[in-house]
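The structure appears below as structure tokens.
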Amino acid sequence: MLFIGPFATEDATLGLVRSLTEQLQIPDTHFSFLSQYHTSLPVLRDKSCMRSMLICLCNRLYDGPYRILTQEWKETPPLSYDTIDSLGQNHEVSKSIEQRYQGEQNLMEAISRGDYAAAKECLNQMDSYGLEQRLADTIRDKKNYLIIFNTLCRKAAQYGGVHPVYLDELSSRFAIQLETMHNMSRLNAIQGEMVYKYSLLVQNRSTRSYSPLIQKAVDFICLNLKDDLSLSTLSDQLSVHKSYLSTLFKRETGTTLTDFVTERRISHAIYLLNTTSEPVQEIASACGIPDLSYFTKIFRRKKGMTPTQYREMIKQPF
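Start counting the sequence shown at 1; every next residue gets the next number (UniProt numbering).
In structure tokens:
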């Protein structure tokens with residue numbers, strides 16, 4: 001005989017746990033313990049998927065015929081309870097809390113490295129630990145957790161060497177999105193989106209591997225793309241000699257300052273072409289290359305097509 005469990009088929013809301021305690025006449029002193037216990041259970045919403053996994057498992061375990069039986073108890077057996085709250089004495093609940101905190105730490109470390117694959121795996125593991133619902137309003141409760149989660153991701157990206165300007169922009173965008181959402185499935189989905197966007201931010205904007213001087217140079221370039229970013233301007237801004245800045249920049253980034261600026265400007269142009277409907281001339285100016293012919297020439301060299309052709313391409317359905 002094979003027993004599998006325990007697991008839940010739905011999220012453990014406050015209402016569900018309260019209903020269970022009333023049905024089983026469990027004292028209120030045990031409510032907190034039951035709430036944390038049920039949120040620690042893995043949730044398997046698709047019963048057909050569970051049955052399929054059982055069939056695969058049984059086919060490997062048993063040589064002969066077998067039956068999968070579903071048993072439901074209609075009557076509640078007599079129960080007895082301790083007179084003290086046993087939350088602190090329950091090893092499994094304590095272990096689940098420890099695992100959740102360690103999972104958060106692992107997630108933050110993965111995001112700080114820009115390692116999306118590892119961060120996604122950490123998030124999947126954290127989902128299995130469960131979170132105790134603290135408010136009767138399930139949507140508001142989920143939003144509050146996600147506000148905290150957004151902060152954790154932001155701090156992780158900051159540890160990864162991302163400038164506060166980019167962190168504030170992304171964090172604010174998620175904060176606004178959260179308050180406009182009223183659907184649990186969408187709230188669940190945005191958590192994965194946060195992990196992806198913050199990991200991507202570290203990949204594209206981290207300057208952690210550079211010396212303090214080059215960090216300042218890279219941040220200044222990325223935050224002032226529409227301005228004059230010549231070697232003379234940057235050396236004056238950073239109060240260093242031009243030749244020293246040029247040599248150090250090439251040594252640490254592997255490219256010349258001029259090529260780096262051009263690459264960042266074209267990357268920003270690509271972002272604007274994807275996210276706005278602004279004319280190409282205005283996008284070129286916003287990227288610090290007001291001469292449209294020159295901008296088009298550089299864009300074609302980098303992407304193999306003109307900005308207009310690129311915009312038409314991304315409009316095409318897959």
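Quick reminder that beta carbons are idealized off the backbone N, C-alpha and C, glycines included. No experiment lies behind these values; they were computed from the predicted model shown.
Short Cβ contact (7 Å threshold) for residue i with residue j
i	j	result
L225	H163	no
A206	A119	The question names Ala, but residue 206 in the sequence shown is Ser. Their beta carbons are not under 7 Å apart, which means S206 does not touch A119 by this criterion.
G160	V202	yes
T13	T138	yes
N150	F174	yes
K250	L187	no
K302	Y310	no
residue 322	Y210	Nothing can be reported for residue 322: it is not among the residues displayed for the chain, which extend from 1 to 318.
CA nearest to the CA of residue i, picked from the options
i	options	result
G288	A189, E312, R67 and C222	C222
E121	S112, R113, L135 and G103	G103
F31	V17, L41 and A110	V17
L146	A189, Y116 and R113	A189
S232	K250, D137, L257 and R173	L257
E109	Q99, P212 and Q158	Q158
S96	L41, G114, L61 and N150	L41
C153	L238, R113 and E179	R113
L229	T262, Q177, N274 and G254	T262
Y196	D259, R134, N124 and V240	N124
A156	H182, L135 and Y116	Y116
H241	F260, L213 and D259	L213
DSSP beta-bridge partners of residue i
i	result
A8	V43
Distance between residue j and residue i (C-alpha atoms, nearest Å)
i	j	result
H38	L69	24 Å
N59	Y66	9 Å
G15	S35	10 Å
F43	M184	Per the sequence shown, residue 43 should be read as Val rather than Phe. Approximately 15 Å, taken between the alpha carbons.
T308	L272	12 Å
S235	S293	28 Å
Q89	L24	Any answer about Q89 is weak, because its pLDDT of 49 lies below 50 and its placement is not dependable; what the coordinates show is given next. Approximately 22 Å, taken between the alpha carbons.
R208	Q215	7 Å
L54	D11	22 Å
I111	D291	38 Å
F220	Y166	12 Å
residue 322	R265	Coverage of the chain is limited to positions 1 through 318, which leaves residue 322 absent and any answer about it impossible.
I298	D127	46 Å
R51	Y62	16 Å
N144	L178	9 Å
I314	Q237	38 Å
S19	I26	10 Å
P6	I270	50 Å
Q191	L107	12 Å
S172	M194	12 Å
C49	A8	14 Å
M181	G64	52 Å
Q105	Q316	41 Å
R134	R100	16 Å
R140	R45	22 Å
S277	C56	52 Å
E312	S285	20 Å
T306	G254	27 Å
F295	S94	60 Å
D259	E98	48 Å
R300	N274	16 Å
K47	I148	32 Å
D227	S239	18 Å
L87	D28	Reliability of the predicted coordinates at L87 is poor, the pLDDT of 47 falling under 50, and the value obtained from them is presented with this limitation in mind. Straight-line Cα distance between these residues: approximately 12 Å.
Residue i beta carbon near the ligand SAM (any heavy atom closer than 6 Å)
i	result
S232	Although the ligand SAM was asked about, the structure shown includes no ligands whatsoever.
- [ ] Take every Cβ of the region 279-288, pair it with every Cβ of the region 239-252, and state whether three or more of those distances are shorter than 8 Å.
- [x] no
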